[in-house]
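**Q**
Dropping the structure here:
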């Protein structure tokens, strides 16, 4: 069998563009025009419109599963064409390309020693250049450049002050941790912001949506539809779930809802 | 032009994960981390949540169109983390990886001499290993291993008793065949479980949703919106259709509905 | 790094098949069976059912961003199995494969000197051959043949009279241009049929959905939710937008609605 390439030449895509329009295809075309060897993998295009925080969570939850050297192109960009800066970041042996609006915050919180550059090399532009679709006209060429082995220093000037979202950290109060619902997944599992290391070695129960939960299961099918339970999810956060049905629908839980963990 | 690779190194994905979460992307990342040369093709991620039978039908309808040697990774897995076994199957010159819950039943019904193994080689695990996402932590590494040329014997111990769904066979009664609706497609065509060889050389009419149909068309546009007709569909089953509109919506047909074929 | 292939061997897919059924996967399988080196890129599978005009617009808006030599396989095909011809077209250094129903009209309007052939080479068929799924059984093999370097002359006999949709041109009337809404995108931006060259150097205002707009912005975020504005979109057409909300929903605009541009 032939040897693998040294560098994987992978670009992932994460947008709020949906898949009905030509937007995602145009970005892929531009990448392949720059280098047809690049492998393109969709993370998702169903980020809720303009929801930078949701995009940041999804990217943070899966980027580390990709090979070292992957370029992650993330475009949720309500400020396209405005003064917001276009960014390229090298951190944790991955590269990231997208608008400077906080979309890479959670990656940077967990891996802070990144090299960050404003994309201002004019050769990294599709012509004609629009003010309304930088995903195609600016970010896709920059991602292709990096994936094909281009150097970060050639992308543009270094910056040190990227826009940041509030971190995913919880607030400790007397005998308790104030947390929140980060995400509701397709199955209706409600991902809280509680991490294992915060609760390790303590007895605890959580309160969310007016109910208390202290039952912890180790797989979804061991619970019942009727009684919600807690479970350590695949991204390292505690989830609230019901077996075989949507906990979010059953309990009326939505993203952003408060969660209180009481420690014994 | 360069010669094709001997082995295509293709992994298809079929899940009920949807495409809004990070789940599918994480699986793809894990596969590419194991071997970045692998080609990944989505079959669908829109299987109704936990609907193993629907997944089995979709997989059965298209796996044979892929090149010999393709690995089909199918994860509709309500029992994730429980005692249900993780399976790898080599049959019909294809390989299949997924939970032992019947998802490969229709493939096995049609091509029974498979080699089936429980995935228990600990090197085929992503670490950290979760109890809630075996698609990423167990099945994706196993699929990548097989796609990259790994041997079935190294996956784990042989088994002979996989979980099976009821077969797609119909029941013959006096002068008639009792069948059912297997699937309703995007166009509202209603796929019955009647196969061409069951009806060949006989005069017949079918009854479904309270109406009788004996008109058989050979392409969709030859019928009308008003009058439903039967047509031999692309997966080899008889379908109930209306031209230019959804037969399912017009007739109120749903998956599982009974179909009776009366033979003359 | 290895040199890029001379020819990119890319096939794009554009259909109204959705992604829940096995249809798209079967087409991809057939392509890879013919040549596993071919790269397959989805444009979209969410074209509204049987909406040839919408498919033509999406294809026209992005095909040019793909590398020269790309094969674009577009199947929105209510007449599958009927007398409508299967087409292969070489034009503008791209190739196109799909039904002869107008789906390539806008490409041909903009790049008229194409070579057009009816696909009738019997070796370009999947067997068994159905009358209901030419995407899999006829168009996918033909697209794979061309992507792998096959010659247009071997596809079938030349034709000169493909089916055409009405062109995207507007009608000029005294001091005004009668145009229409071509498309509403995921963000609710309403793409009109007005092109920059039609309005260049003139003062103008447009009327759509009972309101007048003369405010032209150069990026979406510079406007407000309350006041709709016009903006030159990424496909070269004038759009009607609101910042941070759907102009289509706010103004009740739908595809096909009339737009009148009054010139000063």
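Chains as they are written, first to last, in this note's numbering: chain B, 1 to 264; chain X, 1001 to 1264; chain A, 2001 to 2264.
All C-beta atoms, glycine included, are put in the ideal place defined by N, C-alpha and C.
Which residues mark the beginning and the end of the beta strand (DSSP E) in which residue 2193/A is found?
**A** That run of the beta strand (DSSP E) goes 2190 to 2195.
**Q** Measure the alpha-carbon distance for residue 2249/A versus residue 246/B and round it to whole angstroms.
**A** Rounded to whole angstroms, residue 2249/A to residue 246/B spans 30 Å at the Cα level.
**Q** Enumerated in chain order, which unbroken segments of the alpha helix (DSSP H) with a length of 4 residues or greater are wholly contained in the stretch 1108 to 1175 of chain X?
**A** Within the stretch 1108 to 1175 of chain X, the complete alpha helix (DSSP H) runs of at least 4 residues are 1140 to 1147.
**Q** Between residue 2220/A and chain B, is the shortest Cβ-Cβ distance under 9 Å, so that the two count as touching?
**A** It does; some Cβ of chain B falls within 9 Å.
**Q** Should residue 1137/X be listed as close to the ligand FAD, given that the test is whether its C-beta is under 8 Å from any heavy atom?
**A** Annotation note on the ligand FAD: not contained in the displayed structure, which lists no ligands.
**Q** Is residue 2195/A close to chain B? Criterion is C-beta to C-beta, closer than 9 Å.
**A** No - not a single Cβ of chain B is within 9 Å of the one on residue 2195/A.
**Q** Note the first and the last residue of the continuous beta strand (DSSP E) segment covering residue 1231/X.
**A** Start and end: 1229 to 1232.
**Q** Should residue 46/B be flagged as near chain X, meaning a C-beta pair shorter than 9 Å?
**A** Closer than 9 Å: yes.
**Q** Leaving aside the five residues before and after residue 109/B along the sequence, list all residues of the same chain whose C-beta is less than 6 Å from its C-beta, in chain order.
**A** 167, listed in sequence order.
**Q** Could you tell me the boundaries of the beta strand (DSSP E) in which residue 265/B lies?
**A** The displayed coordinates of chain B run from 1 to 264. Any statement about residue 265/B would go beyond what the structure contains.
**Q** Is the beta carbon of residue 225/B closer than 9 Å to that of residue 233/B?
**A** In this structure, residue 225/B does not lie closer than 9 Å to residue 233/B by Cβ.
**Q** So if DSSP puts residue 2086/A in a beta bridge, which residue, or which two residues, is it bridged to?
**A** 2099/A, per the DSSP bridge assignment.
**Q** Contact between the stretch 74 to 83 of chain B and the stretch 29 to 40 of chain B: three or more CB pairs below 8 Å?
**A** Result no; under three Cβ-Cβ pairs closer than 8 Å.
**Q** Suppose only complete runs of 3+ residues qualify. What are the beta strand (DSSP E) ranges in the stretch 33 to 72 of chain B, listed by chain order?
**A** As far as the stretch 33 to 72 of chain B is concerned, its whole beta strand (DSSP E) runs of at least 3 residues are 39 to 44.
**Q** In whole angstroms, what is the alpha-carbon distance linking residue 2001/A and residue 142/B?
**A** Its pLDDT being 41, under 50, residue 2001/A is placed unreliably by the model, and the measurement read from it follows with that caveat. The straight-line gap from Cα to Cα measures roughly 19 Å.
**Q** Just the Cα atoms here: how many angstroms apart are residue 121/B and residue 154/B?
**A** About 7 Å.
**Q** State the CB to CB distance for the pair residue 45/B and residue 19/B, rounded to an integer number of angstroms; the pair is presumed to be in contact (CB under 8 Å).
**A** Sure, about 5 Å apart at Cβ, within 8 Å.
**Q** Give every residue of the same chain whose Cβ lies closer than 8 Å to the Cβ of residue 1003/X, excluding the five residues on either side of it in the sequence, and list them in chain order.
**A** Residue placement at residue 1003/X is flagged as unreliable, the pLDDT there being 49, under the threshold of 50; the coordinate-derived value follows with that caveat. Counting only Cβ-Cβ distances below 8 Å, and skipping sequence neighbours, we find nothing.
**Q** Within 10 angstroms of its Cβ, does residue 2070/A collect 16 or more other Cβ (buried), or is it exposed?
**A** It counts as buried.
**Q** For residue 254/B and residue 15/B, I'd like the C-alpha separation in whole angstroms.
**A** Going by the C-alpha atoms only, they are around 22 Å apart.
**Q** With C-beta atoms as the reference, is residue 1221/X less than 9 Å away from residue 1244/X?
**A** Taking 9 Å as the Cβ cut-off, residue 1221/X and residue 1244/X qualify as a contacting pair.
**Q** Along the chain, where does the alpha helix (DSSP H) that runs through residue 2250/A open and close?
**A** It spans 2247 to 2251 - the alpha helix (DSSP H) in which residue 2250/A sits, taken as one unbroken run.
**Q** When DSSP builds the beta bridges, which residues end up paired with residue 2260/A?
**A** BP columns for residue 2260/A point to 2178/A, 2207/A.
**Q** Measuring straight from C-alpha to C-alpha, what distance separates residue 2145/A and residue 2088/A?
**A** So the two alpha carbons sit approximately 11 Å from each other.
**Q** So, does the CB of residue 1001/X fall closer than 9 Å to a CB anywhere in chain A?
**A** Note on residue 1001/X: pLDDT 41, under 50, position unreliable in the model; the coordinate value appears next. So, interface residue.
**Q** For residue 2278/A, go through chain B and note every residue whose CB falls closer than 7 Å to its CB, in chain order.
**A** This structure cannot settle anything about residue 2278/A, because the visible part of chain A is limited to 2001 through 2264.
**Q** Looking at C-alpha atoms only, which residue of 227/B, 119/B, 76/B, 186/B is the closest neighbour of residue 103/B?
**A** Checked all of 227/B, 119/B, 76/B, 186/B; the closest Cα to residue 103/B is 76/B.
**Q** Using a Cβ cut-off of 7 Å, which residues of the stretch 2072 to 2105 of chain A contact any Cβ in chain B, in chain order?
**A** From the stretch 2072 to 2105 of chain A, no residue has a Cβ closer than 7 Å to chain B.
**Q** With 9 Å as the C-beta to C-beta threshold (strictly closer), list the residues of the stretch 1150 to 1166 of chain X near chain A in chain order.
**A** Per Cβ criterion, the list is empty.
**Q** If we call anything under 9 Å between Cβ atoms a contact, is residue 1192/X one with residue 1259/X?
**A** Their beta carbons are under 9 Å apart, which means residue 1192/X touches residue 1259/X by this criterion.
**Q** Are the beta-carbon atoms belonging to residue 215/B and residue 227/B less than 9 Å from one another?
**A** Against a cut-off of 9 Å, the Cβ pair of residue 227/B and residue 215/B comes out as a contact.
**Q** Among 1047/X, 1158/X, 1181/X, 1208/X, which has the Cα closest to the Cα of residue 1266/X?
**A** There is no way to answer for residue 1266/X, as the model of chain X reaches only from 1001 to 1264.
**Q** Thinking C-beta only, is residue 112/B closer than 9 Å to residue 139/B?
**A** No.
**Q** Would you mind giving the Cβ-Cβ distance between residue 1152/X and residue 1125/X, rounded to the nearest angstrom? I have them listed as a contact below 8 Å.
**A** Contact doesn't hold; Cβ gap of about 17 Å is too wide.
**Q** The beta strand (DSSP E) spanning residue 241/B covers which residue range?
**A** Per DSSP, residue 241/B belongs to the beta strand (DSSP E) from 237 to 241.
**Q** Shorter than 9 Å from the beta carbon of residue 1126/X to some beta carbon of chain B?
**A** It does: the Cβ of residue 1126/X has a partner Cβ on chain B nearer than 9 Å.
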